[in-house]
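Worksheet: the structure to be examined is printed underneath.
Number of protein chains: 2
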Amino acid sequence: MNIVGVDLGGTFVKVGLVDSLNGKIKRKTEIETQVTSGKDSVLKRIAEAIQKITAGENYIAVGIGSPGSIDKKRGIVRFSPNFPDWNNYPLGPELSRILNKSVFIENDANSFVLGEKWFGAGQGYEHIVALTLGTGVGGGVISHNILITGSNGIGGELGHVIINPQGPLCGCGNHGCLEAYASATGIIRMAKEKRKKFPDSEIFKANEITAKSVFDAAKNGDRLANKIINEVVEALAIGITGFIHTFNPSVIIIGGGISRAGDILFKPLRERVEELVMPSFKNSYKILQSPLVENAGILGAASIVLQRIGKRD
Amino acid sequence: MNIVGVDLGGTFVKVGLVDSLNGKIKRKTEIETQVTSGKDSVLKRIAEAIQKITAGENYIAVGIGSPGSIDKKRGIVRFSPNFPDWNNYPLGPELSRILNKSVFIENDANSFVLGEKWFGAGQGYEHIVALTLGTGVGGGVISHNILITGSNGIGGELGHVIINPQGPLCGCGNHGCLEAYASATGIIRMAKEKRKKFPDSEIFKANEITAKSVFDAAKNGDRLANKIINEVVEALAIGITGFIHTFNPSVIIIGGGISRAGDILFKPLRERVEELVMPSFKNSYKILQSPLVENAGILGAASIVLQRIGKRD
Chain A
1 MNIVGVDLGG TFVKVGLVDS LNGKIKRKTE IETQVTSGKD SVLKRIAEAI
51 QKITAGENYI AVGIGSPGSI DKKRGIVRFS PNFPDWNNYP LGPELSRILN
101 KSVFIENDAN SFVLGEKWFG AGQGYEHIVA LTLGTGVGGG VISHNILITG
151 SNGIGGELGH VIINPQGPLC GCGNHGCLEA YASATGIIRM AKEKRKKFPD
201 SEIFKANEIT AKSVFDAAKN GDRLANKIIN EVVEALAIGI TGFIHTFNPS
251 VIIIGGGISR AGDILFKPLR ERVEELVMPS FKNSYKILQS PLVENAGILG
301 AASIVLQRIG KRD
Chain B
314 MNIVGVDLGG TFVKVGLVDS LNGKIKRKTE IETQVTSGKD SVLKRIAEAI
364 QKITAGENYI AVGIGSPGSI DKKRGIVRFS PNFPDWNNYP LGPELSRILN
414 KSVFIENDAN SFVLGEKWFG AGQGYEHIVA LTLGTGVGGG VISHNILITG
464 SNGIGGELGH VIINPQGPLC GCGNHGCLEA YASATGIIRM AKEKRKKFPD
514 SEIFKANEIT AKSVFDAAKN GDRLANKIIN EVVEALAIGI TGFIHTFNPS
564 VIIIGGGISR AGDILFKPLR ERVEELVMPS FKNSYKILQS PLVENAGILG
614 AASIVLQRIG KRD
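Protein chains in written order, with the working numbering: chain A, 1 to 313; chain B, 314 to 626.
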C-alpha cells in the first residue's frame with residue numbers, strides 16, 4: 001500500500017509517496033517551508049505538494065514528522081521553536097480536511113526511530129534507541145515495540161540527558177547535555193574554543209568551521225580534530241551506556257549528518273561503550289549507523305502511519 | 314482475591330498473603346535466607362513459609378521479587394550476586410511444582426515500581442519512574458503502562474546511569490554512577506573522605522557512620538552532613554532530570570531506606586529538578602516519597618502477579 005510521508009523542516013518540507021511494503025519512495029518533492037508566509041500558506045502548499053505527487057495513485061494516509069512538541073492524539077503542534085505562529089495549531093485535522101485522508105503526526109526525532117524500525121537498521125527489533133546527530137541531538141526510543149513518548153508525549157529527549165554537570169552550556173540552559181558535545185553546534189564550539197591553542201589546525205583552513213571539516217581533518221591526522229572527536233565519542237559513549245542500562249535495547253541506531261563520518265566515529269564509539277557497560281550488558285546490543293540517509297525524514301514520517309495501524313500491508 | 318508476595322533478600326525472605334483489592338497484608342512471616350544452606354533448602358523453606366501463611370486461605374498465584382538478573386518468561390534466576398549457586402536456577406518452575414500454583418518472578422527493583430503502581434504512590438498512573446535508595450540504587454520504569462525491562466529483561470538499571478564521569482568509583486567499575494552518590498554506600502564514602510577536613514562533625518560521634526546518622530546530623534545543622542546531602546541531592550536531580558527528559562513520567566517515586574529522610578531530602582530535590590528540567594517539562598511530574606515503607610517488598614512481589622494478569626479482582 002502507499003503512504004505519504006511529510007518531513008516538515010524549518011527550511012524545507014520534503015514530501016514522498018512511499019510503498020510501505022519495501023520502503024521504496026515512488027515519487028518525492030521538496031518545497032521551501034517559508035514559515036514567515038504564515039501557517040495557512042504552509043499548509044496549503046504542503047497539501048498541493050501531496051496532491052501533485054499522489055496524482056493518479058491511491059494512498060491510505062499521511063504521516064508528518066514535525067519538529068517541536070506534538071499532541072499526537074489530536075494531531076496538534078503544541079509549539080515548535082522555528083514555527084512561531086504554530087502554537088496549538090491543529091495541523092493534522094486541517095490537512096485531513098483538505099485531503100480527505102487520515103493524517104498522523106509525531107515529533108521528528110520519534111519519527112526517525114520509527115523509520116529505522118520499519119525500513120532501516122531497526123527492522124525485526126522491538127527494543128531500539130535512536131539518536132540523530134545534527135545541529136542538535138534528537139532521540140527516539142522503541143521499547144517493547146512501543147514508541148516511548150511519555151505522559152504528555154514529549155519524552156525521548158535523549159539529547160538533553162546531562163552527561164557531565166561541569167560541561168559546556170547547552171542551548172537548553174543546562175550544562176553538559178549530550179547535545180552540547182555530540183552535535184554540529186557542540187563540535188564547532190569545541191573547535192573555536194581550542195583555536196588559540198591549535199592555530200595551525202587544518203580545521204581553520206576553510207572559510208567556515210563545520211562538523212564535516214572537523215571529521216575530514218581528523219581523517220588526515222589533524223591533532224585538534226582528533227581531540228574533538230575523542231570528546232564527542234566519550235560523551236556519546238557515556239550517554240549511550242546510560243541508555244543501554246536503562247532500556248536494554250537490541251540496537252542503538254545513529255543517524256543525522258554527523259553519523260555520515262562513519263568508522264572514524266563508530267569504531268572508537270563501539271569500543272568505548274563496550275568498556276563502559278556493566279558485565280551483564282556486554283554483547284547485548286549493536287551500535288549501527290542509520291542506512292536511510294537523505295530519505296530518513298520521509299520514511300520516518302511514513303512509518304508513523306505504519307506504527308499507528310500496526311502493519312505494512 | 315489473595316496473592317502471595319515473596320520478597321527474596323540476601324539475609325531475609327519476607328512472605329505475605331496480600332488481598333489484591335486493597336493491598337492489605339492479611340498475614341506475613343519472615344525467615345532467614347541462609348543462602349549457604351543451598352538453593353534446595355532455601356526453596357523448601359520458602360514453600361513451607363507460604364504454606365504456613367496461606368493455611369485455610371485460597372490464593373491465586375505467587376509473585377517473587379528477586380535480586381539479580383531474571384528470565385521472567387521462564388521464571389529463571391540467571392544470576393544473582395549474593396546467591397552464588399543460583400545460576401540459571403528455575404526458581405519459578407520448582408516452586409510452582411511444590412505448591413501447584415503459578416509463580417511469577419521479577420527483579421526486585423522492577424517489582425518495587427509495580428508495587429507502587431498497584432498499591433502505592435503510582436496508583437492511576439501509566440508513566441512511573443521509581444528509585445530505591447538503599448545500599449545501592451535500584452531502578453524501575455513503567456512507561457505506557459508497560460514495565461520496561463528491555464530485550465533481555467535486564468533494563469531499568471537507573472542506578473548505573475553515569476551522571477558525572479569525573480565522579481567517584483562505583484561498585485560496577487565506572488565513575489560517577491548515580492549509585493556512587495545516592496546510596497548508603499556513597500553517603501558513607503563521602504563522610505569518610507571528608508573526615509580529615511571536618512573532624513568535629515556530629516557524623517563521627519557514633520561508633521558507625523550510617524546514612525541515617527548523616528541525615529540526622531544534617532537536621533541538627535551539621536555542616537559536613539549538609540554538604541553531603543547537597544551532593545546527594547545534586548546527583549539525584551541530574552539523574553532524575555535525565556529520566557524526566559527520557560520518559561516524560563507523571564510521577565517519580567523514591568523509596569528505600571534513604572527516602573525515609575523525608576523533607577530534608579525531598580524539598581531541595583524537588584526544587585533542583587524543577588530548575589534543571591527543560592521548559593516543556595516543568596510541572597509535568599511529581600516527585601513522591603514511597604508510602605509503602607516496610608511492606609514495599611511483599612506488595613511489590615504480589616504486584617508482579619497483578620501486572621502479568623492485568624487486573625486486581
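Ideal Cβ positions, reconstructed from N, Cα and C, are used throughout, including at glycine.
{"Check": "Do the CB positions of G381(B) and A422(B) come within less than 8 Å of each other?", "Outcome": "no"}
{"Check": "Assuming V251(A) contacts A121(A) under a Cβ cut-off of 8 Å, what Cβ separation, rounded to an integer in Å, is found between them?", "Outcome": "6 Å"}
{"Check": "Can you check whether the C-beta of L269(A) is within less than 8 Å of a C-beta belonging to chain B?", "Outcome": "no"}
{"Check": "What separation, rounded to the nearest whole angstrom, lies between the Cα atoms of N561(B) and L114(A)?", "Outcome": "19 Å"}
{"Check": "Taking contact to mean at least 3 C-beta pairs separated by less than 8 Å, is the stretch 545-554 of chain B in contact with the stretch 581-592 of chain B?", "Outcome": "yes"}
{"Check": "First and last residue of the alpha helix (DSSP H) that includes G92(A)?", "Outcome": "91-99"}
{"Check": "Using a Cβ-Cβ cut-off of 6 Å (strictly less than) and excluding sequence neighbours within five positions of I501(B), which residues of its own chain qualify?", "Outcome": "I522"}
{"Check": "Give the DSSP-derived three-state secondary structure of G139(A) in the structure shown.", "Outcome": "strand"}
{"Check": "So which residues of chain C does Q289(A) contact, with C-beta pairs closer than 8 Å?", "Outcome": "The displayed structure is made up of protein chains A and B, and chain C is not among them."}
{"Check": "Measure the CB-CB distance between I3(A) and A47(A) and report whether it falls below 8 Å.", "Outcome": "no"}
{"Check": "Looking at the structure shown, is L427(B) part of a helix, part of a strand, or coil, going by DSSP?", "Outcome": "helix"}
{"Check": "Report yes if the CB atom of I338(B) is closer than 8 Å to the CB atom of N608(B), and no otherwise.", "Outcome": "yes"}
{"Check": "Can you give me the start and stop residues for the alpha helix (DSSP H) that R402(A) sits inside?", "Outcome": "Residue 402(A) falls outside the range modelled here, since chain A spans only 1 to 313, and no answer is possible."}
{"Check": "Name the residues in the stretch 229-246 of chain A whose C-beta lies less than 7 Å from a C-beta of chain B; which are they?", "Outcome": "I238, T241, G242, H245, T246"}
{"Check": "Curious, which full-length beta strand (DSSP E) runs of at least 3 residues does the stretch 428-498 of chain B contain?", "Outcome": "441-446, 450-456"}
{"Check": "Which one of L334(B), Q436(B), I475(B) has the shortest CA to CA distance from A237(A)?", "Outcome": "I475(B)"}
{"Check": "Could you tell me which residues DSSP pairs with K28(A) in its beta bridges?", "Outcome": "G16(A)"}
{"Check": "Considering only residues of the stretch 219-282 of chain A, which uninterrupted beta strand (DSSP E) runs meet the minimum length of 3 residues and lie entirely inside it, listed in chain order?", "Outcome": "251-255"}
{"Check": "Who are the Cβ neighbours of V331(B) in its own chain at under 6 Å, not counting the five residues just before and after it?", "Outcome": "I316, G318, I338, A615"}
{"Check": "Which first and last residues belong to the beta strand (DSSP E) in which E57(A) is found?", "Outcome": "Note, E57(A): premise wrong, no beta strand (DSSP E); not H, not E."}
{"Check": "For T445(B), count neighbouring Cβ atoms within 10 angstroms of its own Cβ and tell me buried if that reaches 16, exposed if not.", "Outcome": "buried"}
{"Check": "Once DSSP output is grouped into helix, strand and coil, what is the label at E521(B)?", "Outcome": "coil"}
{"Check": "List, in order along the chain, the chain B residues whose C-beta lies closer than 8 Å to that of M190(A)?", "Outcome": "Within chain B, no residue comes near M190(A); the closest Cβ sits about 16 Å away, beyond 8 Å."}
{"Check": "Which residues mark the beginning and the end of the beta strand (DSSP E) in which K386(B) is found?", "Outcome": "Note, K386(B): premise wrong, no beta strand (DSSP E); not H, not E."}
{"Check": "Got a sec, what are the start and stop residues for the beta strand (DSSP E) Q364(B) sits in?", "Outcome": "Not the beta strand (DSSP E): Q364(B) falls in the alpha helix (DSSP H), residues 352-366."}
{"Check": "Look at the Cβ atom of S514(B), then the Cβ atom of L537(B), and state whether they are nearer than 8 Å.", "Outcome": "yes"}
{"Check": "Starting from the C-beta of G16(A), find all residues in its chain whose C-beta is less than 6 Å away, skip the five residues before and the five after it, and write them out in chain order.", "Outcome": "G5, I25, K28, I298"}
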